[in-house]
Structures are given as structure tokens and as C-alpha cells.
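This report refers to the structure that appears directly beneath it.
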Amino acid sequence: MMQATAEQVLEAIKSNNIAALRAVLQSHPGAVNEPLSGGISPLMMARYYQRKEMLDLLLASGAQLDIFSASALGLIERIHTYAHHKPASVNAYSVDGWTPLALAAFFGQRQAVWTLLTHDADVHAVSRSPQQNTALHAAVAGLMNRHGNELPISYLLIARGAPVNARDSGGDTPLHIAAGSGSQALILGLLGAGADISARDSAGRTPLGIALSRDQQGAADLLRQMGAQE
């Protein structure tokens with residue numbers, strides 16, 4: 010029965026049907042914290058799908074917050090509480106393989122990133138997700154979602170020693186991702202921090218090659234000005 014209910018919750022979130030989600034929660038209140046596909050909570054699933062109204066509904070319906078959801082939502086006091094009572098949670102991994110720092114970075118939660126760093130979050134930690142990336146990768150990838158805090162978060166992570174030439178499972182460095190997003194400011198910031206302009210991903214592509222393949226002409230021109238070659 011709970012599996013069927015969880016499937017209803019998941020489908021409601023995916024289809025952005027808040028009426029359906031409300032109906033499920035009214036008939037099965039416990040579904041608010043019932044794990045969905047892959048063990049992910051309804052709250053985090055709604056966050057991944059960027060369902061603001063659903064997030065509000067789930068929280069009002071008693072969704073439980075852990076350090077991962079608190080980081081993804083930027084709930085600073087809750088992060089402080091976990092860090093104080095369970096210090097190891099700051100560098101723990103979520104069921105889908107992310108650290109709190111990576112989640113905060115990806116979702117553009119600048120204050121949450123700062124808070125986690127003050128509690129000794131590891132900027133070198135590699136996710137246990139298929140991407141196998143770092144918090145800096147996650148921050149740069151957040152550009153694709155236009156959360157708005159990618160630049161200050163990236164600079165903050167770099168200032169705290171984040172490895173600018175770390176590679177994810179596809180061989181991409183943060184510079185590859187920045188080039189693909191077209192962010193010239195971030196490209197300059199990464200290069201200024203020592204990013205390798207000639208790094209090649211697993212398919213042999215340089216950041217310039219990525220920029221050209223994504224039709225990011227401004228980024229490509231900048232990379233060429235900085236000495237990049239395909």
C-alpha cells in the first residue's frame with residue numbers, strides 16, 4: 010500500500026500536480042516522509058524538480074528535515090543544529106550520494122555554503138553519485154538552473170581550497186562546465202585560480218571544444234583570447 014502511495018507522490022511531483030499531492034497527503038499523512046525512488050524523500054524530490062509550492066506543502070504537512078534537505082533549502086539554523094549535535098553529518102553523504110556542501114552549492118544557497126564551511130565541510134569531497142564530482146562542480150553546474158549565486162559560491166569554495174582541476178566521472182573539470190554554460194565571469198575566475206585551459210575530458214574535448222559544441226560563442230572567444238585551442 011505504501012509503495013503505491015509513494016508512486017502517487019512521485020508522479021504528482023514529476024507532473025507538478027499539487028492538487029494530486031495534496032489529496033495523497035490528506036488521505037495518507039505518513040506519505041510525507043515515505044521514501045520515493047532510490048530512497049529519496051518527497052521533500053528532496055520536490056527540491057530536485059524545483060517545485061516551490063510543493064515544498065511549502067510538504068513542510069506544512071510535517072516533512073522531516075535532515076542536514077541534506079536543510080542545506081538544499083538554505084535553512085541555516087537547522088544546519089547549525091545538525092553541525093553542533095552531529096558534527097560528522099557535515100561531511101556525510103545523502104542516500105543519492107551528495108554531501109550537504111554539494112547540495113547547498115548546486116542550489117545556490119550561499120549562506121548555507123558559508124555555514125557548512127565554518128563547520129569544516131570538506132571542499133575536496135567527491136560525491137558518491139554517478140557524477141563523482143565536487144562541490145565546485147556542483148556550484149558551476151548550478152548555472153544551468155540560474156539560481157543566481159553561482160559566482161560568489163564558486164569563488165568562496167575556491168578561496169577555501171576547492172580543487173579547480175578536479176575531474177568528474179566524465180573527465181570534466183569545473184572549467185568545462187563553465188564553458189558549456191557560457192559564463193565568462195566564471196571562466197575568468199577559474200582561470201585566475203589556476204584552472205587548466207587545455208584539460209581534456211573523457212571524450213578528448215577541451216573547454217573551448219565544449220563551448221563551441223554548445224554554441225557559446227562569447228565563451229569560446231574569451232577562451233581563445235586566453236590562449237585556448239581545441
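For the sequence shown, the residue numbers in my numbering are 10 to 239. Even glycine gets a Cβ: it sits at the ideal position worked out from N, Cα and C.
Measuring only the C-alpha atoms, how far is residue i from residue j?
i	j	result
residue 131	residue 110	8 Å
residue 112	residue 39	25 Å
residue 144	residue 136	8 Å
residue 89	residue 29	34 Å
residue 64	residue 211	37 Å
residue 37	residue 12	12 Å
residue 216	residue 57	27 Å
residue 34	residue 76	23 Å
residue 140	residue 167	20 Å
residue 10	residue 72	Because residue 10 sits at a pLDDT of 42, beneath the cut-off of 50, its placement in the model cannot be relied upon, and the following sentence gives the value as read from the coordinates. So the two alpha carbons sit approximately 20 Å from each other.
residue 95	residue 102	13 Å
residue 48	residue 235	45 Å
residue 209	residue 147	19 Å
residue 125	residue 213	35 Å
Would DSSP call residue i helix, strand or coil?
i	result
residue 167	helix
residue 207	coil
residue 84	coil
residue 91	helix
residue 116	coil
residue 26	coil
residue 99	helix
residue 10	Legend: pLDDT at residue 10 = 42, less than 50; position of this residue unreliable, value from coordinates given subsequently. Note: residue 10 maps to coil in three-state DSSP.
residue 214	coil
Inspect the beta-carbon positions of residue i and residue j and report whether they are closer than 8 Å.
i	j	result
residue 15	residue 43	yes
residue 163	residue 184	no
residue 134	residue 108	yes
residue 152	residue 193	no
residue 105	residue 138	yes
In the DSSP assignment, find the alpha helix (DSSP H) that holds residue i and state where it starts and stops.
i	result
residue 230	226–234
residue 49	Run containing residue 49: none; DSSP gives neither H nor E here.
residue 74	Per DSSP, residue 74 belongs to no alpha helix (DSSP H) and is neither H nor E.
residue 201	193–201
residue 190	183–190
Count the CB pairs spanning the segment 183–195 and the segment 225–239 that are closer than 8 Å, and state whether there are at least three. yes
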